[in-house]
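Under the numbering used here, the first residue of the sequence shown is numbered 7, with each subsequent residue one higher. Every residue gets a Cβ at the ideal spot worked out from N, C-alpha and C, and that includes glycine. One structure is given below, encoded as structure tokens.
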Amino acid sequence: MAGATADAPGIVIENGVTQPVFSYGDAIQEVVYVEAPMDSDGDGRRDLIAVDVIRPAETEAGLRVPTIMEASPYFGRALTNPPPDKTRGFAGWWDEYFVPRGYAVVQVEMQGTSRSFGCPTTGGVEDTISIKAAVDWLNGRAPAFYHDGSPAVADWSTGNVGMQGVSYVGTLPNAVATEGVPGLRTVVPIAAISSWYKYVNDQGIAWSTWSENVNHRYTEWLADYVSVGRVLPGAVSAPACESVITAVGDAEVASASAFTPFWQERNYLPDANKIKTANTSVFMVHGLTDYNVKTMHFADLWHEVEKRQMPRKIWIHRGAHVNPTSFRLTEWQSVMHRWMDHWLHDIPNGIMDEPMADIQRPDGTWETHSTWPDAGAKDVNLRFGPATADAAGTLSFDNAGGNPTQSFVDQIESQAVKVGNAEQAKSGRLAFVTPPLENDLRISGTPKVEVRMSTTGETALLSALLVDYGAGPTVTVAGKEPLEVIHESCEPEDLASRTGCAAPMEASVAITPERVLAWGHIDAKKSSDLRRSEALTPGKNYNVRWTTLPSEHVIPAGHRIGLVITGNYNANPTSNRPARDAGAVGSQITVYLNGSTLVLPVVGGKDALGF
């Protein structure tokens, strides 16, 4: 039996998975305070990080078990808070499910939140250090104490740790994994951030909701929000962190949406190689219509993991910012059981021999694929051709003859106006379309756009919208705000009754003449280098390159692929938070067609387009 000494109880494995042989009612619950190697609140003492633990009672008799960890900045925002020597209880289904199967489950309170000391910094290095300390403690590399000051030693731990979570709670696993922490065997980031810059900005310009609602101080707002619920008597109070939190907002404002060192510190992608160094596996889950933590977050990190051939699996669903229990409950519990058994108990159950990618289509059905993007996807370059009085511009393999240009005036209109009726000339956009497709066409990956342009202003916002032109069903799946996902009940009774985190996502279907598949924006002043901004010279030509959101769509035969180039616009409710540059409104942007290209990742490459 695994995880046991000669005289101690052990786990039981049947049919390749652990069995629920340990009593949940008898499980040990305790609170420990792990010493992190930092003093983020400047009080002259190292920060202590509160950790709630629940583990089988048999761990007192020699059973050693791995740990499933949920680290969060939000525990202090709970309706009730426990005293410092009592656990807050374990929200969710993970404890009831996994503790009887021979696991410990721990909840880690991020620095500066709830009962933990220190100051939150919204994605700063302090976040990572505070959670890494808990993994180190479980591996005997960090000290910890009980509330009475006596040492707390995790002698019951095998050292194997798996982290999981949704939204910010899923972002912390990304942060720790990219530190290359020995013992962190797997991470399960769900709807998680891989770059805080890309959460707040899109290629040089702030997403409008964040910039307008909190005056370009979103990171400060969030740090303040998570620090408000602090409850530990004698801890440094939230007001003592005001200068630290204000400095976070000051740095965000000073960046002016450039990719400054402030944002570089909050970017986990450059250290993705450390995930492989630590032999950590990754299981990602993300929604194609998650417009809160947008799809570039999973795609960018997945690309880093993929190119290094790290052990990995991914679910891409049709929904928005949600917990997997709301759209694939039975399968989620089953795959998490086998995934954790394999990576934390080293059980050879065959899960790594199964298809790597599960993809949900708009009609709700699921497909399995060997990887994502599809192995057969190849970049196809489509050139721009001029519009006529009664026809849209074209997308084809050939350059237009001569040196044609077309212009639009940057004006704020709805997204529906921007993309609607591609054949109609509109002053606020340029529309380009392919011929009708002969066969269904699958796009799998991240589209890219290159536009040669000039403007009458000193600033320009360029937006690209990839559109499926053709009558068909548009499926809208309801999402949730991050805090709603974090605070919703997710107990076993919710799973049984399909309430709380397990409540099915509401979906509506409407027949529309087109549907927007992906979009992306760039501040042309930063197009040559996102780290700095340079005013544009009116009338001067610029080559501007940017990406849209990653795409995984099947466009039906008979439909046309469209690209709309525009500036500012108002988004639909289902695709909120467009970028805005008020200074660009009213300027005229001229596009040089022969210098402009749409690059599409097409499964089957150029031949699949059929024209």
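- Inter-segment contact for the region 160-180 and the region 189-200 is present: three or more beta-carbon pairs are separated by less than 8 Å.
- Residue L228 holds the alpha-carbon nearest to the alpha-carbon of Y174 among A139, V187, L228, E185.
- Residue nearest to H327 within the set G22, V182, G485, T518 is G485 (criterion: CA-CA distance).
- An exposed status is given to Q270, since fewer than 16 other beta-carbon atoms sit within 10 Å of its beta-carbon.
- In the three-state reduction of the DSSP assignment, E494 falls in the coil class.
- Taking every protein chain shown into account, the CB of R504 has fewer than 16 other CB atoms within 10 angstroms, so this residue is exposed.
- By the neighbour-count definition (other C-beta atoms within 10 Å, threshold 16), E76 is a buried residue.
- Excluding sequence positions up to five before and after T465, its CB lies within less than 8 Å of the CB of D529, A530, K531, A541, L542, D587, G589, A590, S593, all in the same chain and listed in chain order.
- Between L604 and L523, the C-beta gap is not smaller than 7 Å, which leaves the two residues out of contact.
- In the structure shown, Q315 falls within a coil segment according to DSSP collapsed to helix, strand and coil.
- For a cut-off of 8 Å, the C-beta gap from L294 to I322 is around 6 Å, short enough to register as a contact.
- The Cβ-Cβ distance between F289 and W378 does not fall below 7 Å.
- Just measuring C-alpha positions, the residue of R51, D133, Y297, G118 sitting nearest G526 is Y297.
- Closest option to S469, judged by alpha-carbon separation, among D208, A395, K300: D208.
- Taken in chain order, the complete beta strand (DSSP E) segments of 3 or more residues contained in the region 175-257 are 190-196.
- By the Cβ-count criterion, Q113 is buried, with 16 or more other Cβ atoms from all chains shown falling within 10 Å of its own Cβ.
- Looking at the DSSP output, L501 sits in no beta bridge, so it has no partner there.
- Residue burial is scored here from C-beta neighbours: V105 has at least 16 other C-beta atoms within 10 angstroms and is therefore classed as buried.
- DSSP lists I449 as the beta-bridge partner residues of H559.
- The beta-carbon separation of W100 and I74, rounded to 6 Å, stays under the 8 Å limit for a contact.
- The region 306-324 and the region 567-579 do not touch, with fewer than three beta-carbon pairs separated by less than 8 Å.
- Where F104 is concerned, there is no enclosing beta strand (DSSP E), although the alpha helix (DSSP H) around it starts and stops at 100-104.
- For the pair G124 and S46, the CB atoms are nearer than the 7 Å cut-off.
- Here the region 508-515 does not lie against the region 418-435, with fewer than 3 beta-carbon pairs under 8 Å apart.
- The secondary-structure analysis by DSSP pairs Y598 across a beta bridge with T411, R458.
- Close CB contacts of N180 within its chain, under the 8 Å cut and outside five residues either way in sequence, are with V193, P195, A198, I199, S200, Y274, L307 (chain order).
- In this structure, the beta-carbon distance from A158 to Y152 falls below 7 Å.
- Annotated three-state conformation of P157 is strand, per DSSP.
- DSSP, read as helix, strand or coil, puts D416 in coil.
- As the crow flies, the alpha-carbon of T461 is around 24 Å from that of S261.
- Beta-carbon to beta-carbon, A406 and L615 are separated by about 18 Å, too far to satisfy the 8 Å threshold.
- Distance from the CA atom of A393 to the CA atom of E419, rounded to whole angstroms, is 21 Å.
- Contact between the region 450-459 and the region 543-558 is present, with at least three C-beta pairs closer than 8 Å.
- A distance of 7 Å or more separates the beta carbons of I449 and L335.
- For the options G408, D369, A305, N409, the alpha carbon positioned closest to that of A363 is the one of A305.
- For P479, the enclosing beta strand (DSSP E) stretches over residues 467-483.
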